[in-house]
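**Q** Numbering (the numbering used here), first residue to last: 68 to 356. By construction, the Cβ of each residue, glycine as well, lies at the ideal position given by its N, Cα and C atoms. Bear in mind that the values here come from a model prediction, so they are computed numbers and not experimental data.
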């Protein structure tokens, strides 16, 4: 399933898809699950279509019926059900960011692994405030200082995924051209590239640069992000950006297609030490101007 609607139901759709997959793996039909809950079959249809939530007592009953016995996995699924109903830290920016952006932040916060491909810009989680503000000025001509500050603050709050107690594992592949785009001018780019070097040394961050001469650049039509979640049985989710908005891919066939592309890019890109060397070379070129 793919959708250009990045509404706040993404967490609910993940839970619905997971419950459906668990039911099928257990060899049960809708009618079987409905009998387990002593409910109408239409109730299971609504749950698995993300049209309604599920009570904790019903969730635990279904997990019993589906043979989910591992305490850790059950706890993760229950947490997902709770998170689908609650607001996160990003709710404080409800009047300042679009619903689609808020929905993305929620899913990003849930992810345990992220594979980020950026052909034009520095990855969002690795941006410094000055770079983020400069991008906002380009994307929103005439933006006031309050909007710029909000954009930068939201981006910095998102970075907490990299330093929290259970940090996100980030694999980022950035096209070399992104290092040369003078977003905000030379001073901002120097700050951004120096920060990129620092972030690349984090134990949970692996940064690779795709050389400009690599033919794999021709395979990139836009940025995309693959996100993996806990429990391990949860399906991956792919986020992509199009000219007319954003799209989420959830079907295994679609997510595997992007995963295969990431693997090819991973092989074509410079390894982390060589990538850092390239960033340092670009910084030296800036200093020599």
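#1: Closest to residue 328 by C-alpha separation, out of 292, 155 and 228, would be which residue?
#2: Over what stretch of residues does the alpha helix (DSSP H) that includes residue 131 continue unbroken?
#3: Is the region 340–353 close to the region 268–281, with three or more CB pairs under 8 Å?
#4: Got a sec, what are the start and stop residues for the alpha helix (DSSP H) residue 221 sits in?
#5: Three or more C-beta pairs under 8 Å: does that hold for the region 164–184 against the region 234–250?
#6: Whole angstroms are fine: how far does the CA of residue 225 sit from the CA of residue 109?
#7: Applying the 10 Å Cβ sphere with the 16-neighbour rule, what's the burial state of residue 152?
#8: Hey, would you say residue 198 sits closer than 9 Å to residue 268, going by beta carbons?
#9: Evaluate contact between the region 140–152 and the region 108–126, counting only Cβ atoms and requiring at least three cross-stretch pairs below 8 Å.
#10: Note down the Cα distance separating residue 357 from residue 262, rounded to an integer number of angstroms.
#11: Distance, Cα to Cα, residue 177 vs residue 80?
#12: What residue ranges within the region 142–219 form continuous beta strand (DSSP E) runs of no fewer than 3 residues, ordered along the chain?
#13: Mind checking which residues open and close the beta strand (DSSP E) that includes residue 307?
#14: Rounded to whole angstroms, what is the Cα-Cα separation between residue 251 and residue 244?
#15: Report the rounded CA-to-CA distance for residue 150 versus residue 348, giving the unit in angstroms.
#16: Going by other Cβ atoms of all chains shown within 10 Å of its Cβ, with 16 needed for buried, is residue 266 buried or exposed?
#17: Do you know how far the Cα of residue 174 is from the Cα of residue 132?
#18: Use the C-beta contact count for residue 306: other C-beta atoms within 10 angstroms, 16 or more gives buried, fewer gives exposed.
#19: Let's see if you can read the secondary structure: which residues bound the alpha helix (DSSP H) around residue 354?
#20: Using a 10 Å radius around the Cβ and a threshold of 16 neighbouring Cβ atoms, would you call residue 73 buried or exposed?
#21: Between which two residues does the beta strand (DSSP E) harbouring residue 291 extend?
#22: For residue 314, which beta-bridge partners are listed by DSSP?
**A** Taking the definition as stated:
#1: For the options 292, 155 and 228, the alpha carbon positioned closest to that of residue 328 is the one of 292.
#2: 123–132
#3: yes
#4: 212–225
#5: Yes: the two stretches touch, three or more of their Cβ pairs being nearer than 8 Å.
#6: Each residue's alpha carbon lies about 38 Å from the other.
#7: exposed
#8: no
#9: yes
#10: Because the chain here runs from 68 to 356, residue 357 falls outside it and cannot be looked at.
#11: 13 Å
#12: Taking only runs of at least 3 residues, the beta strand (DSSP E) segments lying wholly in the region 142–219 are 180–185.
#13: 304–309
#14: Whole-angstrom Cα-Cα distance: 15 Å.
#15: When rounded, the distance between both Cα atoms is 44 Å.
#16: By the 10 Å Cβ count, residue 266 comes out buried.
#17: Taking the straight line joining both Cα atoms gives about 28 Å.
#18: buried
#19: 339–354
#20: With a pLDDT of 40 at residue 73, under the threshold of 50, the modelled position of that residue is not reliable, and no figure is offered here.
#21: Residue range 291–295 is occupied by the beta strand (DSSP E) that includes residue 291.
#22: 307
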